[in-house]
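Worksheet for the structure shown next.
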Amino acid sequence: MTMMSILSALLDTCKPLVLTSLLLWLVTRLWHEYIIATKDPSCSAPLPPGSMGLPFFGETLSFLAKGSQYYEDKFKIYGRLFMTHLLGAPTIRVRGSDHLHKILHGEDDIVSFEYPKAITGILGKNTLVQARGQHHVILRKRVATAFTHSALEGYLPLITEPIKDAIEHWCNQPRTITYRSMQELVCKLNGSILCGFHYSDTDVAEITELLFQIDNGILALPIDLPNTAYRKAMQAGKKLREKIADRIRMKENLSTQEDDQDVLRVLMDADLSHFGSKGESHEIVSDNAFDLLILGFGTLSSACTSAVLQLARHPHVVEKIKEELEAARILDPHVPIIHKSLTDCKYVNNVVKEILRNNPPVPSSFRKVVKTFILDGLQIPKGWTVLYSIRDTLKFSEHYKNKDIFDPDRYSPERREDKKEGVTTILYLEVGNAHVQENSWRP
Ligand code: HEM
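Letter by letter, the sequence shown follows residues 80 to 522 of this note's numbering.
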């Protein structure tokens, strides 16, 4: 065989591979150009660096496969801002407290609250998450009545015993898988506080599984096909809504005095006439209870798991917590726990802040750009999604000293690292501005 015939045989074998690679490169390039063309032509600033990935999928598959490592790799290459295509939308990922400040204080001016399709398809329609403008303000006031200090105090007796029982049970097991156990506990506690569910152990396992499926589908591609995470989440959502509807029907036969004072009851008694007819307000009650169950599930399970992890790693912190709780008589079984005695425990509160700083349960959130604006001299175009990063902002923040060390004393009156200029906004983010501040950045 001559050299020429070997080469030609090799070329023949490689041709399909070369052609496919070329085609793929061409399609990916066209897709990139097609998306880039949607930038704002009236703005002279360039787009942030980055790539748009594969047609339709963008970089979603690589994000799903690599998780947080995906962002870390990108930030390493591009710095604080980069563009990509995620969950069906051209997206700019941003970190840095100055950038987050601009975005969150530009609500309804440069950005508006809009989650990706998967989230909005799964969550309720008439809820805090999806309401806009005046609707949101009124709804927030109504829902907030279920979370006042006195309301929270009313929930304490509902949760103290189940928490004690769960901890005792875990301690008697040779091995406990913390995250799954936390999910079951959170499912039980949220279920009773939010909807007055009184679950058996089988119910807890079933409802935890439903919540788990929904949580999984929330950040998936919104592809409604058999066996996709999105389809499974939709199906699980349907079953959970049926359970809430049963609960509402049961509660309708009880007067306020006869009924448990759970969040569902508070919502049922709230004046929702602003939102339309009685039937429509029923839907709002049910949708909001559904959303609260979902939004409180992953966040709290994650925060409680991080708490166990950090406490196990730092026994001296556990000792200091014990001292403070004993002094406040919170460990005395004969003294009822009141909300104020919990908020007075300054060290415990600092431990909670430090857990949320180290392991923020909500690593990032979304906004839709409604007016093109500029960050670091780069264009953030109208119509694109901005994905602001809470975790990476905290991780790279210069405000915390020795930030890799778990140190609750950084919030002590002598140090107040959380009160330094520029830090406050970020701490709100750790626990969700929604929960700690009366005047949210949302209108
Ligand atoms: C440690 C636990 C939690 C953390 C870290 C957390 C974090 C957050 C963050 C960062 C946001 C704002 C998202 C944005 O504006 O882009 C948010 C919003 C929200 N969260 Fe949480 N959350 C937690 C627990 C809960 C719980 C237990 C519930 C329900 C009982 C809940 C219900 C909500 C709702 C309804 C919103 C939307 C509020 C609004 O738009 O007015 N969260 N949360």
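A virtual CB, placed ideally from N, CA and C, is assigned to each residue, including glycine. Note that the structure is a prediction, hence the values are computed from the model and not measured.
Near the ligand HEM: residue i beta-carbon under 8 Å from a heavy atom
i, result
"Val-397", "no"
"His-215", "yes"
"Asp-339", "no"
"Ile-156", "no"
"Leu-371", "yes"
"Ile-469", "yes"
"Thr-378", "yes"
"Asn-429", "no"
"Val-190", "no"
"Thr-281", "no"
"Arg-172", "no"
"Phe-445", "yes"
"Val-345", "no"
"Ala-382", "yes"
"Leu-273", "yes"
"Asn-205", "no"
"Pro-241", "no"
"Pro-439", "yes"
"Arg-536", "Because the chain is modelled from 80 through 522, residue 536 falls outside the range shown and cannot be assessed."
"Val-465", "no"
"Gly-316", "no"
Supposed close pair residue i, residue j - CB separation, criterion 8 Å
i, j, result
"Asp-341", "Leu-273", "6 Å"
"Ile-459", "Val-449", "So it is not a contact: roughly 11 Å between Cβ atoms."
"Arg-326", "Phe-376", "Between Phe-376 and Arg-326 the Cβ distance is about 17 Å, and since that is not below 8 Å, they are no contact."
"Met-261", "Cys-383", "5 Å"
"His-393", "Phe-485", "6 Å"
"Asp-119", "Thr-451", "4 Å"
"Ser-380", "Ile-434", "No, Ser-380 and Ile-434 are not in contact; Cβ-Cβ is about 13 Å, not under 8 Å."
"Leu-457", "Pro-127", "5 Å"
"Pro-440", "Ser-468", "Actually they are not in contact, since the Cβ atoms of Pro-440 and Ser-468 sit about 14 Å apart, beyond 8 Å."
"Asp-366", "Gly-203", "3 Å"
"Asp-201", "Arg-446", "Strictly speaking, residue 201 in this sequence is Ile, with Asp absent from that position. Actually they are not in contact, since the Cβ atoms of Ile-201 and Arg-446 sit about 19 Å apart, beyond 8 Å."
"Ile-400", "Val-430", "6 Å"
"Pro-253", "Val-396", "Contact doesn't hold; Cβ gap of about 25 Å is too wide."
"Ala-324", "Ile-293", "With 8 Å as the limit, Ala-324 and Ile-293 do not qualify as a contact, their Cβ atoms being about 16 Å apart."
For residue i: DSSP bridge partner residues
i, result
"Pro-169", "His-164"
Counting Cβ pairs, one atom from each stretch, are 3 or more of them under 8 Å apart for the segment 129-141 and the segment 153-165? yes
Where in the segment 400-468 do unbroken runs of the alpha helix (DSSP H), each at least 4 residues long, occur, reported from the N-terminal end onward? 418-422, 425-437
Which runs of the alpha helix (DSSP H) at least 4 residues long sit entirely within the segment 125-162? Give them in chain order. 139-145, 147-157
Every unbroken alpha helix (DSSP H) inside the segment 171-211 [4 residues or more]: Here the runs fully enclosed are 176-183, 196-201.
Is it a yes or a no for the segment 166-180 touching the segment 282-290, going by three-plus beta-carbon pairs under 8 Å? Flag = no, the segment 166-180 and the segment 282-290 do not touch.
The segment 205-217 touching the segment 329-339, judged by at least three CB pairs closer than 8 Å: Short answer: they don't touch.
Is the segment 238-249 touching the segment 358-371 in the sense that three or more CB pairs, one from each, lie closer than 8 Å? no
Using 8 Å as the Cβ pair cut-off and three pairs as the minimum, do the segment 137-145 and the segment 86-106 touch? no
Quick check: the segment 188-202 against the segment 475-491, are there 3 or more CB pairs under 8 Å? No contact exists between the segment 188-202 and the segment 475-491.
Counting Cβ pairs, one atom from each stretch, are 3 or more of them under 8 Å apart for the segment 298-314 and the segment 407-423? no
Run through the segment 231-292 for me and flag every whole alpha helix (DSSP H) of 4 or more residues, listed as ranges in chain order. 257-269
If contact is defined by three or more beta carbon pairs under 8 Å, each pair taking one atom from either stretch, is the segment 334-353 in contact with the segment 391-407? In short, these stretches do not touch, since the Cβ pair count stays below three.
Give the list of continuous alpha helix (DSSP H) stretches no shorter than 4 residues that lie fully inside the segment 359-398. Under the rule that a run must span 4 or more residues, no alpha helix (DSSP H) segment is found entirely inside the segment 359-398.
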